[in-house]
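Protein chains: 2
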Amino acid sequence: MAVPEAKYQKVINWITGEIVAGRLQPGDRLMSEEKMCKKFDLCRQTIRRATQELAERGVVTRVQGSGTYVGGVIPKIRKERYMNVAVVSTFYESYIFPPTLRGIEKKLSESGYTMQVSFTDNRISNEAVILKTLLEKDNIDGLIVEPSKGALPNPNIKYYKEISDRHIPIIFFNDIYPVLQMPCVRLDDWEAAAKAAQLLIDAGHKKIAGIFKLDDGQGHRRYSGYLGSIIKANLKTHSRRIFWIDTELQQELAEQEEYLFKRIEGCTGIVCYNDEVAIQVIDIALKRGIRVPDDLSVVGIDNSNLAEICKVPFTSFSHPKEKLGEKTADNLLKMIDNPLFDGNYIFSAKTVLRNSIRKIQ
Amino acid sequence: MAVPEAKYQKVINWITGEIVAGRLQPGDRLMSEEKMCKKFDLCRQTIRRATQELAERGVVTRVQGSGTYVGGVIPKIRKERYMNVAVVSTFYESYIFPPTLRGIEKKLSESGYTMQVSFTDNRISNEAVILKTLLEKDNIDGLIVEPSKGALPNPNIKYYKEISDRHIPIIFFNDIYPVLQMPCVRLDDWEAAAKAAQLLIDAGHKKIAGIFKLDDGQGHRRYSGYLGSIIKANLKTHSRRIFWIDTELQQELAEQEEYLFKRIEGCTGIVCYNDEVAIQVIDIALKRGIRVPDDLSVVGIDNSNLAEICKVPFTSFSHPKEKLGEKTADNLLKMIDNPLFDGNYIFSAKTVLRNSIRKIQ
DNA sequence: AATTATTTGTGCGTATGTATC
DNA sequence: AGATACATACGCACAAATAAT
Chain A
1 MAVPEAKYQK VINWITGEIV AGRLQPGDRL MSEEKMCKKF DLCRQTIRRA TQELAERGVV
61 TRVQGSGTYV GGVIPKIRKE RYMNVAVVST FYESYIFPPT LRGIEKKLSE SGYTMQVSFT
121 DNRISNEAVI LKTLLEKDNI DGLIVEPSKG ALPNPNIKYY KEISDRHIPI IFFNDIYPVL
181 QMPCVRLDDW EAAAKAAQLL IDAGHKKIAG IFKLDDGQGH RRYSGYLGSI IKANLKTHSR
241 RIFWIDTELQ QELAEQEEYL FKRIEGCTGI VCYNDEVAIQ VIDIALKRGI RVPDDLSVVG
301 IDNSNLAEIC KVPFTSFSHP KEKLGEKTAD NLLKMIDNPL FDGNYIFSAK TVLRNSIRKI
361 Q
Chain B
362 MAVPEAKYQK VINWITGEIV AGRLQPGDRL MSEEKMCKKF DLCRQTIRRA TQELAERGVV
422 TRVQGSGTYV GGVIPKIRKE RYMNVAVVST FYESYIFPPT LRGIEKKLSE SGYTMQVSFT
482 DNRISNEAVI LKTLLEKDNI DGLIVEPSKG ALPNPNIKYY KEISDRHIPI IFFNDIYPVL
542 QMPCVRLDDW EAAAKAAQLL IDAGHKKIAG IFKLDDGQGH RRYSGYLGSI IKANLKTHSR
602 RIFWIDTELQ QELAEQEEYL FKRIEGCTGI VCYNDEVAIQ VIDIALKRGI RVPDDLSVVG
662 IDNSNLAEIC KVPFTSFSHP KEKLGEKTAD NLLKMIDNPL FDGNYIFSAK TVLRNSIRKI
722 Q
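Sequence order for the protein chains is A and B.
Numbering of the first sequence is given in the numbering used here, commencing with residue 1 and proceeding in unit increments.
Numbering of the second sequence is given in the numbering used here, commencing with residue 362 and proceeding in unit increments.
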């Protein structure tokens, strides 16, 4: 000890010593800088230099107007609970949205939360307005979102990041924005479409068409599942047989029916993106004198009431709808209580058989 | 953003932001200092520093014992705008509820209001919990309600009165609680059912059955309309021909089909409470070998997509659905701005003809 | 008309953050 | 290195004005 120890170092040693001795425990407040000045007969700046170094090391945390506390950074959790969760939904798929919303509302209200709802109509511009308002009003404990056009680039990502920066948990349902590493509760779209195609393959079909949505992730995943079964069965893939549609163009199929049926000519089966598409395909087919399933076998996905009351009730794959809403809300509530909770969940799709597939020898 | 903004500056920015966004308008009262403390997790002094600076700038006016107001004018009545409206819906009639909710949301969001939704499932007990929560949280500017079992006595009336006593405007849609003299936006149920019965009468039918809901006002009004046309045509009324159903017993018709068809034996036409009932009646009839419309003419009310995609597309009477939602929200907003505004509105039902009525000589 | 609850006004004390001499 | 000044922030107590009942 030839060189005398720096004064601030002595202070550091004293504080760490107190902590090691257990006289200062995590959460305890150190005496004020002023008091330490008197204790060590040093000026405030010297004391500050000591606590600053300890603060940098994470040993203590300094809080303006309050004091200096033992322990690392106390995670900033919102003190006040608004008991309010925002739900941003596309409003599309009329047979999926109501029960899902109902499931969400059920779980939220059971836990004493209110639910505030906004609809995007699957429009990015509407989504932007809604998110900006949420940021300005700043009165939610969590956010549940059904992505708008999840498969296309989205300029609203920055708003989601900003909400997340405020430690407000976000959970998605049905689909996700891939660039955001955020939890999602959804159907196993890949599996549903793979099973759908497999059913047709098992029934002996070789030329199987598919109609998919181009703007959402479900469309892409269902396309992948369909493709997976086709390839696994060593059948050939043809772009001609795959028809892409856009969510916003509701009349697209009816307007392009001539072109559609020319594209899928020769196909004996078709995997439809969802029941809404399936019922349109069946309607158009019957109108054109194509019998279902004799001339064309059809399968849908989502198993809505449409599949049952259709002129030709068709095989479909169940979407959990209300259960999915419940799971989404449940996981969000857990995320609100525990920021480390992993909210991801994927539902398996169950086959619901009806007579819309012809067996080919 | 190297230097973190002062906290009071953030409060200033939030308040000015609310004013710029139009959610706080001249004359509106800010939330109390205490509430802002909780909202921002700050002490009152810091909040006061923010409002003081704004007061010095003339942006707000602080009034001791009353509150802090936007602008220089001091209003006589205290009025804090939450820019939030609660919607309490039954969730029943799946084909009516989604578009109605959508219409409400559209109008509310256009005016910068958020919409907070709760569902009663047509249960009085759920309605009670929801209303009590609304009273406790006390953060709404208005209330939109679809009555639960509007035709039966309701023990929750006191909660509606309490909300009304707080000068929070309430508007009902689809139905109303008769003891509450409050505005309602609805379909002209009487007219719809009267027109339905008249159509059958004009086609030469003499024995016309009717199925109505016993627990809601729509059911009672539609029953009255049906009865009105029967009596006007000097036909006899028979209780046997009138079948009452309960909202909560979804399977009632299917379970009692034997009894139902015994009751309406000899009838050549039937007026159904709504399309959901009509589609069930048609399903059961076809199953029993009764042809529609050859043996039994059927009309529905609400003109849902069910009427179109039914195995026998049937004549129905249009419910304005989304338009009704828009009108309801519109009227509530007017009531918020002007407590004297009369929010009542009744939509006329338009006939949508399909081939479900046989002409009798 | 009187009481109670709510809201802003005011003052005091204490602690940390930053800048200057 | 030490001293001082001022800004920012938190907490409490009580007074005064207003609104609701």
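Note that CB positions come from ideal geometry on N, CA and C, so glycine has one too.
- Taking 8 Å as the cut-off, the beta carbon of N122/A is found no closer than this to the beta carbon of S94/A.
- A Cβ-Cβ separation of about 11 Å leaves R48/A out of contact with E34/A under the 8 Å criterion.
- As DSSP reads the structure, C545/B sits in a beta bridge with F533/B.
- About 6 Å separates the Cβ atoms of I157/A and L180/A, confirming a contact at the 8 Å cut-off.
- For C633/B, the three-state secondary structure derived from DSSP is strand.
- At a cut-off of 8 Å, the C-beta of F678/B has no neighbouring C-beta in chain A.
- Note that the stretch 699-708 of chain B does not touch the stretch 469-486 of chain B; fewer than 3 beta-carbon pairs, one per stretch, sit closer than 8 Å.
- The distance from the Cβ of D577/B to that of T608/B is about 7 Å, consistent with a contact at the 8 Å cut-off.
- Put simply, the stretch 461-474 of chain B does not touch the stretch 588-606 of chain B. Fewer than three CB pairs are less than 8 Å apart.
- N445/B is bridged by DSSP to T475/B.
- Measuring C-alpha to C-alpha distances from V431/B to each of S717/B, T451/B, E379/B identifies E379/B as the nearest.
- For the stretch 79-103 of chain A, residues whose beta-carbon sits nearer than 9 Å to a beta-carbon of chain B comprise K79, E80, Y82, M83, N84, A86, V87, F91, S94, Y95, F97, P98, P99, L101, R102.
- Nearest neighbour of W14/A by Cα position, chosen from E146/A, I176/A, F40/A, R29/A, turns out to be F40/A.
- Nearest to Q617/B by C-alpha distance, out of Q386/B, I572/B, A594/B, I591/B, is I572/B.
- The alpha carbon of I208/A has as its nearest neighbour, out of D294/A, K232/A, R241/A, I346/A, the alpha carbon of R241/A.
- When Cβ-Cβ separations below 8 Å define contact, F480/B makes contact with chain A.
- Contact between the stretch 525-545 of chain B and the stretch 578-596 of chain B is present: 3 or more CB-CB pairs across the two stretches fall below 8 Å.
- Judged by their CB atoms, T422/B and Y369/B are not nearer to each other than the 8 Å cut-off.
- Between S486/B and chain A, the shortest Cβ-Cβ separation is not below 8 Å.
- Straight-line spacing of the CA atoms in T429/B and N445/B works out to 20 Å.
- For K498/B, the closest Cβ of chain A is nearer than 8 Å.
- With respect to the C-alpha of A329/A, the residue from I171/A, V59/A, I96/A having the closest C-alpha is I171/A.
- Membership of Y521/B in the alpha helix (DSSP H) is indicated by the continuous run 518-526.
- Distance from the Cα of V632/B is smallest, within the candidate group E523/B, D526/B, W605/B, A615/B, for W605/B.
- Assigned with DSSP and collapsed to three states, L610/B falls in coil, not helix or strand.
- Taking a Cβ-Cβ cut-off of 8 Å, the neighbours of A382/B in chain A comprise T133, E136, given in sequence order.
- Within chain A, no residue has its beta carbon less than 9 Å from that of S585/B; the closest one is some 30 Å off.
- Runs of beta strand (DSSP E) with 3 or more residues, each lying fully within the stretch 30-77 of chain A, are found at 60-63, 67-70, listed in chain order.
- For I309/A, the enclosing alpha helix (DSSP H) starts and ends at 305-309.
- Any Cβ of chain B closer than 8 Å to the Cβ of E105/A would place that residue at the interface, and such an atom is present.
- The beta-carbon distance between R583/B and D550/B, rounded to whole angstroms, is 5 Å. This is short enough to meet the 8 Å contact definition.
- Chain-ordered, the chain A residues with CB closer than 9 Å to the CB of M476/B read Q116, V117, S118.
- Bridge pairing for F480/B: S450/B [DSSP].
- Of the candidates E637/B, E552/B, K593/B, the residue whose Cα lies closest to the Cα of I562/B is K593/B.
- Between E552/B and A710/B, the gap from beta carbon to beta carbon is short of 8 Å.
- Within the stretch 679-696 of chain B, no residue places its CB atom closer than 9 Å to a CB of chain A.
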